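Student: Below you'll find the structure I mean.
Residue numbers (my numbering): 416 to 504.
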């Protein structure tokens, strides 16, 4: 039961930014999303990943590696689309 709770938590937090990634890709705009939020979240998940590597917890390593990657992609989109006008698709 505890493992299922951990897997559910890892899945939800890992994929929580997926809707924002899809929206950003479609609109090419992230004007309403704070780069500080994304930077802090990416740093936090990277630190969680480092912690889980020391602890040897593969579920948390995988979840935070994926979440960090997603947030770095969003941060890249934020920089990439900052000078381009919004285009709703």
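Yeah, the Cβ is synthetic: ideal placement off N, Cα and C, and Gly gets one too. Owing to the predicted nature of the structure, the values given are computational and were not obtained by experimental measurement.
Distance check for residue 451 and residue 478, CA to CA, integer angstroms please.
Tutor: 21 Å
Student: Rounded to whole angstroms, what is the Cα-Cα separation between residue 490 and residue 454?
Tutor: Between residue 490 and residue 454, the C-alpha separation is close to 7 Å.
Student: By Cβ distance, which residues of its chain are closer than 6 Å to residue 493, with the 5 residues on each side in sequence left out?
Tutor: The residues 445, 450, in chain order, have a CB closer than 6 Å to that of residue 493 in the same chain once the five nearest residues on each side in sequence are set aside.
Student: Exposed or buried, what is residue 469 when buried is set at 16 or more other beta-carbons lying within 10 Å of its beta-carbon?
Tutor: Around the beta-carbon of residue 469, fewer than 16 other beta-carbon atoms lie within 10 Å, marking it exposed.
Student: How would you call residue 482, buried or exposed, if buried means at least 16 neighbouring beta carbons within 10 angstroms?
Tutor: buried
Student: Can you grab the Cα-Cα spacing for the pair residue 473 / residue 464, in whole Å?
Tutor: 9 Å
Student: Pick from 484, 447, 497: whose alpha carbon is nearest that of residue 430?
Tutor: 484
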